[in-house]
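Report on the structure given below.
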Amino acid sequence: MSLVQRTADFIDDVFGGMIGRVKFFISETGQMALFFSSSMRLLFTQPSRFSEVIKHMEFIGVQSLGIISLTSLFTGLALSFQVYLGFKIVNAVNLVGPTVALGITRELGPVLTGLIVAARAGGAMAARLGTMRVNEQIDALDVMGVNTRQYLIAPRILAAILCMPMLTALFDFVAMVGCWFLCVKLVELDQAVFLQRINETVEIRHVIEGLIKSAVFGVVFSLVCTFRGFFTKGGAKGVGEATNRGVVVSMVLIIVLDYFLTNIIRIYYVATGRA
Amino acid sequence: MVKPLTSAVILKDVKKTFDGKDYVLKGIDLSIPKGSLTAIIGFSGTGKSVVLKHMLGLFKPTSGSIEVLGQDLNELNINQLTLFRQKFGVLFQSAALFDDMTVLENVCFPLTEHRRDLTKVRMAEIAEEKLLEVGLEKKHFGKLPSEISGGMQKRTGLARALALDPDILIYDEPTTGLDPILTEMVDDLIVKTHKHRQGITSIMVSHDLYAAFRIADYVAMLDAGRVLLYGTPDDFYNSNIELVKKFVAKGMKH
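Respectively, the protein sequence lines represent chains A and B. Be aware that the first sequence starts at 1, since it is given in the numbering used here, and climbs by one per residue. Be aware that the second sequence starts at 1, since it is given in the numbering used here, and climbs by one per residue.
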């Protein structure tokens with residue numbers, strides 16, 4: 001085989017593979033969008049699935065309280081300490097509180113909450129639905145005349161959308177308690193100055209910005225994980241793969257989307273003269 | 001060849017391909033009489049479960065038509081199909097019980113979904129009746145599926161399938177993986193259930209030739225995506241088709 005031919009084959013392989021992946025990505029995104037819209041539309045049809053939504057909110061929200069509190073407390077402590085060490089060099093330790101507050105409410109709060117809940121609840125969703133699929137339980141629901149998307153998918157997604165802002169608010173609060181503890185109790189900054197600086201800098205819109213992001217992350221992880229679980233193929237191996245891919249894709253999407261959401265919100269602020 | 005006067009299920013030249021190239025079903029023609037117990041048999045990969053899923057409307061045929069109780073399934077949209085499926089009761093190979101619900105809750109489930117006019121107490125009464133009908137003792141009603149034996153799970157699955165008093169009862173490989181004693185128990189349960197419910201049409205997909213010939217009124221044998229022979233067990237015993245002869249010989253050996 002000539003060098004030209006081999007080069008042509010190589011280029012073909014590389015670009016062919018890339019085109020294939022792009023096609024797959026577009027196709028998957030389209031399928032997920034349809035899956036999302038068809039499931040959510042069913043929320044407003046009878047029979048009501050209110051009790052299912054509450055059940056899933058208990059699982060996603062209440063059962064995540066412990067891990068969110070613990071993680072946020074130590075995130076607040078560690079972040080505050082690092083910021084303190086950096087600001088001490090430039091003699092600006094009074095800005096530790098507002099800097100941490102802005103970082104937590106706008107970025108770390110929603111992102112870390114999203115990652116933690118995606119790993120805990122999203123993984124469980126994918127595994128549960130995948131197991132139901134391979135054990136024919138979803139087929140059983142279908143033949144019983146139960147709309148499986150209305151019964152299994154829509155309540156989970158809605159529960160995630162409702163729980164994520166609440167969990168993020170908790171994350172923000174506990175992380176700031178950690179920040180206060182480090183600044184006021186450990187490194188002995190003045191409490192009044194600490195609180196005043198935060199009050200001057202952090203606005204309610206910064207908190208809301210993070211809460212909106214967290215709701216979007218709720219849609220993302222619940223959609224990806226329920227989609228993966230619902231369309232699981234094969235036996236135990238398929239369930240494992242669905243869970244793994246659901247969690248990994250959710251986490252990557254949360255981090256990537258965070259960047260774009262930050263920019264979209266910034267553009268919105270500039271456009272409305274509030275930058 | 002059977003020529004039923006009234007059919008519960010009619011498949012006309014049903015073809016199915018999943019990838020656009022290889023046909024799993026290559027033109028199935030089958031008419032299942034109302035009130036009969038019909039077994040669909042064949043080697044693995046001959047399309048038995050695919051035929052079943054077409055009857056239930058879980059798969060749409062690539063071409064051909066499926067009529068169930070006089071209704072062409074192709075004419076129904078997804079919501080109508082969902083409602084139409086209430087006419088079926090299905091006992092799955094794995095029983096497919098919901099593992100987070102007790103035995104009683106599993107049987108109550110179709111009632112809570114479709115009989116909202118009933119009180120919870122009445123639903124529980126109906127569920128108990130169905131469970132007792134399939135021979136499950138009351139002491140197991142509060143247990144989770146993981147806490148009862150395979151045979152009991154099958155009974156629970158059957159009770160759940162009967163909960164809405166379906167017109168058509170489908171058994172998907174009901175005895176696969178069971179020991180000979182349990183297999184006979186399930187076979188007897190199928191016959192008993194069929195006889196107990198006048199007018200119900202029972203369709204059983206099975207590898208178990210012995211059971212098929214022993215309990216079914218009619219047997220359809222699939223081979224390579226087509227119906228090789230459809231008739232009474234006697235038609236099978238008298239058939240000159242080589243593959244059918246092999247099947248019958250195996251069934252007799254059992």
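For every residue, glycine included, the Cβ atom is placed at its ideal position computed from N, Cα and C.
### Task
Locate the beta strand (DSSP E) running through B:Y171, then write down its first and last residues.
Here the beta strand (DSSP E) through B:Y171 covers 168-172.
### Query
Which of helix, strand or coil does DSSP assign to B:S7?
Strand at B:S7.
### Query
Are A:S72 and A:V96 touching if we call contact CB-CB under 8 Å?
Not in contact: A:S72 and A:V96 (Cβ atoms no closer than 8 Å).
#### Entry: Residues sharing a beta bridge with B:S31, DSSP
In the DSSP output, where bridge partners are listed per residue, B:S31 has B:I10.
### Query
Beta-carbon of B:F98 versus every beta-carbon of chain A: anything under 8 Å?
It does: the Cβ of B:F98 has a partner Cβ on chain A nearer than 8 Å.
### Query
Whose Cβ in chain A lies nearer than 8 Å to the Cβ of B:L83?
When 8 Å is used as the limit between beta carbons, B:L83 is near these residues of chain A: G145, in chain order.
### Query
Between which two residues does the beta strand (DSSP E) carrying A:R128 extend?
A:R128 -> not in any beta strand (DSSP E); alpha helix (DSSP H) instead, spanning 123-134.
### Message
What does the alpha-carbon distance come out to for the pair B:Y171 and B:Q93?
### Response
It is roughly 8 Å from the alpha-carbon of B:Y171 to the alpha-carbon of B:Q93.
### Message
I need the boundaries of the beta strand (DSSP E) containing B:S65, first residue and last residue.
### Response
For B:S65, the enclosing beta strand (DSSP E) covers residues 63-68.
### Query
Would DSSP call A:R274 helix, strand or coil?
In the displayed model, A:R274 falls within coil according to three-state DSSP, outside both helix and strand.
### Task
Report the rounded CA-to-CA distance for B:A161 versus B:I126, giving the unit in angstroms.
Rounded to the nearest angstrom, the gap between the Cα atoms of B:A161 and B:I126 is 13 Å.
### Query
Beta-carbon separation of B:K130 and B:A159 under 8 Å?
Contact flag set, yes.
### Query
Going by the CB atoms, is the gap between A:P110 and A:V202 shorter than 8 Å?
Using a Cβ distance threshold of 8 Å, A:V202 and A:P110 do not count as a contacting pair.
### Task
List the residues of chain A whose Cβ lies closer than 8 Å to the Cβ of B:L58, in chain order.
Correct list: D139, D142, V143.
### Query
So is A:E209 buried or exposed if we call it buried at 16+ other beta carbons inside 10 Å?
That one is buried.
### Task
Starting from the C-beta of A:L102, find all residues in its chain whose C-beta is less than 8 Å away, skip the five residues before and the five after it, and write them out in chain order.
Within the same chain, and ignoring the five residues on either side of A:L102 in sequence, the residues whose Cβ sits closer than 8 Å to its Cβ are T201, V202, H206.
### Query
For the segment 146-160 of chain B, which residues have a CB atom closer than 7 Å to at least one CB atom of chain A, in sequence order?
Those would be none; no residue qualifies.
### Query
If you run the structure through DSSP and keep just helix, strand and coil, what is B:F236?
Reduced to three states, the DSSP call for B:F236 is helix.
### Query
By Cβ distance below 7 Å, which residues in the same chain neighbour B:K15 in space, the five residues on each side in sequence not counted?
Once the five neighbours on either side are set aside, the close Cβ partners of B:K15 are Y23, L25, K26, G27, P61, T62, S63, G64.
### Query
What residue range is occupied by the uninterrupted beta strand (DSSP E) comprising A:V93?
Per DSSP, A:V93 lies in no beta strand (DSSP E) segment and is marked neither H nor E.
#### Entry: Residue-chain proximity (A:P47, chain B), Cβ-Cβ < 8 Å
Answer yes: the Cβ-Cβ gap between A:P47 and chain B drops below 8 Å somewhere.
### Query
Under 8 Å, do B:P33 and B:Y218 count as touching if we go by C-beta distance?
In this structure, B:P33 places its C-beta atom within 8 Å of the C-beta atom of B:Y218.
### Query
How do the segment 30-49 of chain A and the segment 149-165 of chain A stand: do at least 3 beta-carbon pairs fall below 8 Å, yes or no?
Cβ pair count under 8 Å is three or more, so yes.
### Message
Which residues in chain B have a C-beta closer than 7 Å to the C-beta of A:N135? List them in chain order.
### Response
Within 7 Å Cβ-Cβ: S94, A96.
### Message
Please list the terminal residues of the continuous alpha helix (DSSP H) segment that includes A:G17.
### Response
DSSP places A:G17 inside the alpha helix (DSSP H), whose first and last residues are 3-41.
### Query
Expressed to the nearest angstrom, what Euclidean distance is found between the alpha-carbon atoms of A:D190 and A:I68?
Answer to the nearest angstrom: the Cα atoms are 28 Å apart.
### Query
Is it true that the CB of B:P174 sits closer than 8 Å to the CB of B:K192?
No. Outside cutoff.
### A:P47, buried or exposed, once every other Cβ within 10 Å from all chains shown has been counted against 16
With fewer than 16 other CB atoms across the displayed protein chains lying within 10 angstroms of its CB, A:P47 is exposed.
### Task
Answer with yes or no whether the minimum CB distance from B:H114 to chain A is below 8 Å.
Closer than 8 Å: yes.
### Query
Assuming B:H114 contacts B:Q86 under a Cβ cut-off of 8 Å, what Cβ separation, rounded to an integer in Å, is found between them?
The Cβ separation is near 6 Å, so the contact holds.
### Message
Could you compute how far the alpha carbon of A:W180 sits from the alpha carbon of A:T113?
### Response
Approximately 20 Å, taken between the alpha carbons.
### Task
Please confirm whether B:V103 and B:H54 have their CB atoms less than 8 Å apart.
B:H54 sits away from B:V103, with the two beta carbons spaced by 8 Å or more.
### Task
Verify the CB distance criterion: does B:F141 have a CB-CB separation below 8 Å to chain A?
No, no contact with chain A.
### Query
Given A:I214, which residues of its chain have a CB within under 8 Å of its CB, disregarding the five upstream and five downstream residues?
Per the sequence presented here, residue 214 of chain A reads as Ser, with Ile not at that position. Shown here for A:S214: same chain residues with a beta carbon closer than 8 Å to its own, the five before and five after excluded, namely G109, P110, T113, G114, M164, P165, L167, T168 in chain order.
### Message
I need the boundaries of the alpha helix (DSSP H) containing B:M101, first residue and last residue.
### Response
B:M101 -> no alpha helix (DSSP H), and no H or E assigned at all.
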